[in-house]
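Student:
Residue numbers (the working numbering): 142 to 616.
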C-alpha cells in the first residue's frame, strides 16, 4: 500500500470515528436532559435526521480542515478548529429546528451536545496529537541556503507555525560542503532553498536519500508546470508532455455555469448583510459605501471591481498605488472588521454574475502592481490565463502578508490542478478563513525586528557561518 493510500485510509477512519463521537455526544445529551426515559417525539426526530446530520458534519469538518496534516500544527490550533467546527454544526442544527418544524430538538439538547462533543473531540484528538508528537515531533531541521536573510525567513516560518514539531538545528551555506555533509547526518529533515542550483539540489538529494533524511523543497515556479505532466515515449526516449496553463472548453463551461448559479444564490442569501453595510459604511466614515477600481482580468482584459469601502475615501490620492500594511492608518475601524471577515468582497458577486470574475481564481490586481511583479516574476502572466476570483487557493493557504512569489506558487498550482471539486473545496475553506482572522493581516514591516530576536532564540551558527563566507570572499 502506497503512502498516499495509507493517508487516505486514516482519513476515512477518522471520519467514521468522528461521526461516532458526534452521535455519542447527542445521545449523552439526551441522557443528561431526560434520564433513562427519552420522549419518543424527540428521539424519533433524532433517528430520522441523524444520517443527514452526519453528512453535514462531515462537510463542516472537511470545510474547517479537520483532516489535514494536523500533526504538525499546535494543540491550540487543533482545539480552536474543533470548537469552531462543532459550533458550526450546532448552529446548523439549531437553524434546522427553526426552519423545519417536523424536526424537534430542544435547545438545551443542542447546547449540551455541543459541550459534550467539544470535550470528546478535544480529548481524543489531543491524545492522538500527543502520541504523534512523542513519536514524530521535535525533528531537527537543517536549512541549506547561501542567503542569510532568506534562511532566517525559513527559520521564522518553522518557529511560528510548526509548534515544536520541528526544531531548527542549524543553518549552513552550500559553499561549506564538508561541514554541510556532517550536519546532514545530525538532523532528520533538510530544507533546500530555491536559490540553490539544480546540480546542487540533485547532489544533496542523493546524499540525503543515502542516509534516509527527509528533504523539503521550495519549488521553482517552472517546476509547478510539470507536476501533472504526462509521461510519453518517443522511440526509446522518455519525455514529459507539458501543456500550456489554462482551462479546456468543457472546464470553462462548467466553471461558468457553477459561477452563475452559486453567485445568484449567494446574492439573495447575503442581501440582508449587504443592506446593513450599505448603511454602516457611509455612516462610519465619509464617502460612498461601494469602492470601485480598475483591475486586470483574464488575458489582460480590464474591468471595474466592486467592494465595500474599507479605507478612508480617496485613500491613495496623496500616496498613489500602495499595498495595505499592518495597522494601516487608511483603514477605517469598520474596515478592519469587514476586511478580516472578507465581507468587503461581497459586492464582487455581481462581478461574477457579469462574467468579469469567477468565484474561485487568483485574486485580481491593478495594472500598476502587475507590471511591477512581472519585472521580477515573468511567470506572473500565467495566473491571468483564468478569470480572477473572489477567493482562491492563495487566499485559503496563505495570508495577506505572504510574499508575492509564494502566493504565485499557490495560484499556479490552482491553474494546473483546476477541477470543480477543487473550487468547492476552496469555497468551503474560505468560510474557515473568515473565522480565523490571522490570515487577514496586512504586509508586515516589523519582520526584521522579529528576525533579529530569532537569531538570539535559535541555537544556530549563523554568525560563524557568515564570518567564514566573508573571510573566504576577502581572501
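Using N, Cα and C, we set each Cβ at its ideal position, and we do this for glycine too.
Predicted, not measured: the structure shown is a model, and the values here were computed from it.
I need the straight-line Cα distance from residue 193 to residue 170, nearest angstrom please.
Tutor: What you label residue 193 is simply residue 52 of the chain shown in a count that begins at 1. What you label residue 170 is simply residue 29 of the chain shown in a count that begins at 1. Rounded to whole angstroms, residue 193 to residue 170 spans 19 Å at the Cα level.
Student: On the premise that residue 568 lies in contact with residue 543, defined as a C-beta separation below 8 Å, what is that separation, rounded to the nearest angstrom?
Tutor: On the chain shown, position 402 is the one that residue 543 refers to. On the chain shown, position 427 is the one that residue 568 refers to. 20 Å between Cβ atoms; not a contact.
Student: So, helix, strand or coil for residue 499, using DSSP?
Tutor: Taking the first residue of the chain shown as position 1, residue 499 is located at position 358. Strand.
Student: Would you mind sorting residue 587 into buried or exposed? The rule is 16 or more other CB atoms within 10 Å of its CB.
Tutor: By 1-based counting over the chain shown, the position of residue 587 is 446. Because the pLDDT at residue 587 is just 47, under 50, the model does not fix this residue reliably, and the point stays unresolved.
Student: Assign residue 150 to one of two classes, buried (16 or more other C-beta atoms within 10 Å of its C-beta) or exposed (fewer than that).
Tutor: The residue you call residue 150 lines up with position 9 of the chain shown. Per the 10 Å Cβ criterion, exposed.
Student: Mind checking which residues open and close the beta strand (DSSP E) that includes residue 663?
Tutor: Given a span of 142 to 616 for the chain in the structure shown, any question on residue 663 remains unanswerable.
Student: Do the segment 265-275 and the segment 176-196 touch if we need at least three Cβ pairs shorter than 8 Å?
Tutor: Judged by Cβ distances under 8 Å, the segment 265-275 makes no contact with the segment 176-196, as fewer than three pairs qualify.
Student: Excluding the 5 residues preceding and the 5 following residue 196 in the sequence, name in chain order all residues of the same chain whose CB lies nearer than 7 Å to its CB.
Tutor: One-based indexing of the chain shown puts residue 196 at position 55. Cβ neighbours of residue 196 beyond the five flanking positions: none.
Student: Using a Cβ-Cβ cutoff of less than 6 Å, which residues in the same chain neighbour residue 128 once the five nearest sequence positions on both sides are dropped?
Tutor: For residue 128 there is no data in the structure shown, the boundaries of the chain being 142 and 616.
Student: For residue 551, does the count of other Cβ atoms within 10 angstroms reach 16, so buried, or fall short, so exposed?
Tutor: To locate residue 551, count along the chain shown from 1; it is residue 410. Buried, by the Cβ-count rule.
Student: Compute the beta-carbon to beta-carbon distance between residue 199 and residue 156, rounded to the nearest angstrom, for a pair I have assumed lies under 8 Å.
Tutor: Residue 199 sits at position 58 when you count from the first residue of the chain shown. Residue 156 sits at position 15 when you count from the first residue of the chain shown. Contact flag correct, Cβ pair sits at about 6 Å.
Student: What does the alpha-carbon distance come out to for the pair residue 484 and residue 176?
Tutor: Counting from one through the chain shown, the residue named residue 484 turns up at place 343. Counting from one through the chain shown, the residue named residue 176 turns up at place 35. So the alpha carbons of these two residues sit roughly 44 Å apart.
Student: Identify which residue in 547, 530, 540 and 574 has its Cα closest to the Cα of residue 564.
Tutor: Residue mapping note: residue 564 aligns to position 423 of the chain shown, counting from 1. The shortest Cα separation from residue 564 among 547, 530, 540 and 574 belongs to 530.
Student: Could you tell me the distance, in whole angstroms, from the CA atom of residue 146 to the CA atom of residue 209?
Tutor: Numbered from 1 along the chain shown, position 5 holds the residue referred to as residue 146. Numbered from 1 along the chain shown, position 68 holds the residue referred to as residue 209. If I take the Cα positions, the gap works out to 15 Å.
Student: What residue does the beta strand (DSSP E) around residue 521 start on, and which one ends it?
Tutor: For the purposes of this step, residue 521 is taken as the residue at position 380 of the chain shown. Premise fails: residue 521 is in no beta strand (DSSP E) and is neither H nor E.
Student: I'd like to check one pair, residue 570 with residue 527: are the Cβ atoms closer than 8 Å?
Tutor: Translated into positions along the chain shown, residue 527 becomes position 386. Translated into positions along the chain shown, residue 570 becomes position 429. Not a contact, by the Cβ cut-off of 8 Å.
Student: Decide if residue 410 is buried, meaning its Cβ has at least 16 other Cβ atoms within 10 Å, or exposed.
Tutor: Reading the chain shown from its first residue, position 269 is the one you call residue 410. Its Cβ having fewer than 16 others within 10 Å, residue 410 is exposed.
Student: Tell me which residue opens and which closes the alpha helix (DSSP H) that residue 189 is part of.
Tutor: In the chain shown, counting from the first residue as 1, residue 189 sits at position 48. Looking at the DSSP string, the run of the alpha helix (DSSP H) that includes residue 189 is 181-204.
Student: On a CA-only basis, which of 227, 378, 575 and 488 is nearest residue 207? Give me that one, please.
Tutor: For the purposes of this step, residue 207 is identified with residue 66 of the chain shown, where counting begins at 1. The residue with the shortest Cα to Cα distance from residue 207 is 227.
Student: If you draw a straight line from the alpha carbon of residue 363 to that of residue 372, how long is it in whole angstroms?
Tutor: Position 222 of the chain shown, counted from the start, is the residue given in the question as residue 363. Position 231 of the chain shown, counted from the start, is the residue given in the question as residue 372. Those two C-alpha atoms are separated by around 17 Å.
Student: Where residue 329 and residue 299 are concerned, what is the direct C-alpha to C-alpha distance, given to the nearest angstrom?
Tutor: As a first step, residue 329 is located in the chain shown; it is residue number 188 there, counting from the start. As a first step, residue 299 is located in the chain shown; it is residue number 158 there, counting from the start. Taking the straight line joining both Cα atoms gives about 14 Å.
Student: Under three-state DSSP, which class holds residue 530?
Tutor: If you number the chain shown from 1, residue 530 lands on position 389. Strand, per DSSP.
Student: Between the C-alpha atoms of residue 406 and residue 456, what's the straight-line distance to the nearest angstrom?
Tutor: Counted from its first residue, the chain shown places residue 406 at position 265. Counted from its first residue, the chain shown places residue 456 at position 315. Approximately 33 Å, taken between the alpha carbons.
Student: Run through DSSP, which three-state label would residue 252 get?
Tutor: The residue given as residue 252 occupies position 111 in the chain shown. In this structure, residue 252 counts as helix in the three-state DSSP scheme.
Student: DSSP on residue 209, reduced to helix/strand/coil?
Tutor: As a working mapping, residue 209 is identified with position 68 in the chain shown. In the structure shown, residue 209 sits in coil (DSSP, three-state: anything other than H, G, I, E or B).
Student: Could you tell me the boundaries of the alpha helix (DSSP H) in which residue 323 lies?
Tutor: Sequence index remark: in the chain shown, residue 323 carries index 182 (1-based). 318-325 is the span of the alpha helix (DSSP H), which, as asked, contains residue 323.
Student: Based on the DSSP secondary-structure assignment, which residues constitute the bridge partners of residue 565?
Tutor: As a first step, residue 565 is located in the chain shown; it is residue number 424 there, counting from the start. Paired residues: none, contrary to the question.
Student: In the DSSP output, which residue or residues are listed as bridge partners for residue 214?
Tutor: Residue mapping note: residue 214 aligns to position 73 of the chain shown, counting from 1. None, per the DSSP bridge assignment.
Student: Based on DSSP bridge pairs, tell me the residues matched to residue 331.
Tutor: One-based indexing of the chain shown puts residue 331 at position 190. 283 and 356.
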